[in-house]
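Here's the structure, in structure tokens; my notes come after.
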Amino acid sequence: MRRILLRPARVALMASLGAVAAFAHVVSMSTGDLKIEDRRAHYELRMPLYEMSHVAGSEQALFDHVRFSSGASAARLIKKDCTADPGQGLYLCSADYEFPAPVDTLDVDCTFHAVTVSNHVHLLRVVNGERRDQALFDFSFPKATLRFRPPTPTETAITEFGAGIMRAVGGLVQVLFLASLVLAARSRRELLAISGMFLAGQMMSALFVPHTGWSPPSRFVEAAAALTLAYLAVEILLLPRAGGRWAIAGLLGAFHGLYFLVFLQSTGYSPGFVLLGAALAEVSLIALFALIFARIGRLAAALRPVQVSASALLVIGMVWFFLRLKS
307 MRRILLRPAR VALMASLGAV AAFAHVVSMS TGDLKIEDRR AHYELRMPLY
357 EMSHVAGSEQ ALFDHVRFSS GASAARLIKK DCTADPGQGL YLCSADYEFP
407 APVDTLDVDC TFHAVTVSNH VHLLRVVNGE RRDQALFDFS FPKATLRFRP
457 PTPTETAITE FGAGIMRAVG GLVQVLFLAS LVLAARSRRE LLAISGMFLA
507 GQMMSALFVP HTGWSPPSRF VEAAAALTLA YLAVEILLLP RAGGRWAIAG
557 LLGAFHGLYF LVFLQSTGYS PGFVLLGAAL AEVSLIALFA LIFARIGRLA
607 AALRPVQVSA SALLVIGMVW FFLRLKS
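Count along the sequence shown from 1, then add 306; that gives the number in my numbering.
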């Protein structure tokens, strides 16, 4: 009976390892600039070089997943060119387009997440004569219409708040780390302390690191997040009665805040709305995991679910760390 019960756990672990190998990017973000002059447009794309390992037929695949149109008429791709720049760690592309008529509003369909990783984000900035606009694309918002007018305060708040929510729950690793926080708590009171310190560390890192003049590289953020997951798993396994986990959670939260810092620096969004949205999403997930783990613990106490789950998280964290070192 015990073996039968453990089979789903083994399957889940193998599936998680496979998912990490394919999708475990905390920071997966590209940027693009489109300059429109009358009917002509020039597009420049900057994609992290490590993402191109996921893209088959690199150049053509990328341009197949970004489309521009205006007035229900698609822009025609005239010329395209891509090159790898290992020095900057970027895959650089440029393209020229022609629209059937001068552009008033621009419709964009961008699905880079379909050819890179599921939580990939593309930030597009557009200049149309004297007017400017920008949009953010991911798996939840693959389409946008740019009207080249200043957004209202309400629109700005909704966009940035929603972006914070999606960044907090958009990747497998972010979700796994929140699950590990719940596993690390041995009581409701400790869960509140750990969660509060994690959020405080995350916010302080995102808000105060910019004043130091340091801009953390994406690979550092990736590796640091992997090690936080592995460290917390080791804490659960080897130091089950250790105190002060709330302090450790605050430190680990500071590392996770670097991810939001990279996002904020890339988009120019307001930290307040983004971090508020992220905190709401994270608190909701922590509460959900606490409910789920409490029920699993009662139903399968003999299988030591905390230790089994922590072991899985340790393996995932280390595999992910070495994958990032190789990328």
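Glycine residues also receive a C-beta, built at the ideal position from the N, C-alpha and C atoms.
To the nearest angstrom, how far is it from the Cα of residue i to the Cα of residue j?
| i | j | result |
| --- | --- | --- |
| P522 | T573 | 15 Å |
| A328 | V372 | Unreliable placement is indicated for A328, whose pLDDT of 43 sits below 50; no coordinate value is reported for it. |
| S486 | T337 | 32 Å |
| L266 | M624 | The structure shown does not extend to residue 266, since the chain is modelled only from 307 through 633, so no value can be given for it. |
| R547 | L498 | 17 Å |
| F447 | L544 | 42 Å |
| V580 | F443 | 16 Å |
| G477 | A529 | 15 Å |
| L505 | D344 | 47 Å |
| Q613 | L620 | 10 Å |
| G507 | A555 | 8 Å |
| I520 | Y565 | Checking the displayed sequence, the identity of residue 520 turns out to be Trp instead of Ile. Each residue's alpha carbon lies about 13 Å from the other. |
| G549 | L484 | 19 Å |
| S617 | F445 | 30 Å |
| L412 | T451 | 6 Å |
| R309 | I542 | In this prediction, R309 has a pLDDT of 41, which is less than 50 and means its spatial position is unreliable; what the coordinates show is noted afterwards. Distance between the alpha carbons of R309 and I542 is about 24 Å. |
| L582 | P456 | 23 Å |
| H428 | M509 | 23 Å |
| G578 | G468 | 12 Å |
| L312 | G395 | Any reading at L312 must be qualified, since the residue scores a pLDDT of 37, below 50, and its modelled position is unreliable; the value itself is stated next. Cα to Cα, the separation comes out at about 42 Å. |
| L538 | G435 | 52 Å |
| R492 | V540 | 15 Å |
| E588 | R495 | 17 Å |
| T458 | F628 | 44 Å |
Identify, in the order they occur along the chain, each residue of the same chain with its Cβ nearer than 6 Å to the Cβ of residue i, setting aside the five sequence neighbours on each side.
| i | result |
| --- | --- |
| D415 | R373 and K449 |
| L351 | G338 and C399 |
| S431 | First, the amino acid is wrong: residue 431 is Arg here, not Ser. These residues qualify, in order along the chain: D339 and Q440. |
| L426 | What sits at residue 426 in the sequence shown is His, not Leu. Taken in chain order, the residues that qualify are S334, F418 and H419. |
| M503 | W552, A555 and G556 |
| D387 | S400 |
| Y349 | L340 and A401 |
| E365 | C388 |
Quick check on the burial criterion: 16 or more other C-beta atoms within 10 angstroms. Buried or exposed for residue i?
| i | result |
| --- | --- |
| A330 | At A330, the pLDDT of 49 sits below 50, so the modelled position is not reliable; the number obtained from the coordinates is stated separately. It is buried - the Cβ of A330 has at least 16 other Cβ atoms within 10 Å. |
| R473 | buried |
| P354 | buried |
| R601 | exposed |
| A584 | buried |
| S376 | buried |
| R551 | buried |
| G563 | buried |
| S501 | buried |
| S511 | buried |
| A593 | exposed |
| A407 | exposed |
Within its chain, find whatever has a CB closer than 7 Å to the CB of residue i; leave out the 5 residues flanking it on each side and keep chain order.
| i | result |
| --- | --- |
| T422 | S334, E357, H360 and V361 |
| S615 | L489 |
| A390 | L355 and Y397 |
| A596 | V488 and L497 |
| L383 | F369, A401 and Y403 |
| P301 | Residue 301 falls outside the range modelled here, since the chain spans only 307 to 633, and no answer is possible. |
Using 8 Å for Cβ pairs, my map puts residue i next to residue j. What's the rounded Cβ distance?
| i | j | result |
| --- | --- | --- |
| L591 | V479 | So it is not a contact: roughly 13 Å between Cβ atoms. |
| R437 | F418 | R437 to F418, Cβ: 25 Å. No contact. |
| S379 | E466 | Not really, about 32 Å apart at Cβ, beyond 8 Å. |
| F405 | A381 | 5 Å |
| K385 | D402 | 5 Å |
| I303 | L482 | Residue coverage of the chain in this structure runs from 307 to 633, which leaves residue 303 outside it and unanswerable. |
| I471 | L570 | Wrong, their Cβ atoms sit about 15 Å apart, outside the cutoff. |
Go through its chain and collect everything with a Cβ distance to residue i's Cβ below 8 Å, but skip five positions before and after it.
| i | result |
| --- | --- |
| G324 | The predicted position of G324 is uncertain, since its pLDDT is 44 and thus under 50; a value taken from the coordinates is nonetheless stated next. Excluding residues within five positions, none has a Cβ falling inside 8 Å. |
| A638 | In this structure the chain extends from 307 to 633, so residue 638 is not present and cannot be described. |
| V433 | D339, L340, K341 and I342 |
Three or more C-beta pairs below 8 Å linking the segment 452-467 and the segment 507-524: In the pairwise beta carbon analysis, the segment 452-467 is classified as not touching the segment 507-524: fewer than three pairs are separated by under 8 Å.
Cβ contact check for the segment 554-561 and the segment 522-540: 3 or more pairs under 8 Å: They touch, by the three-pair rule.
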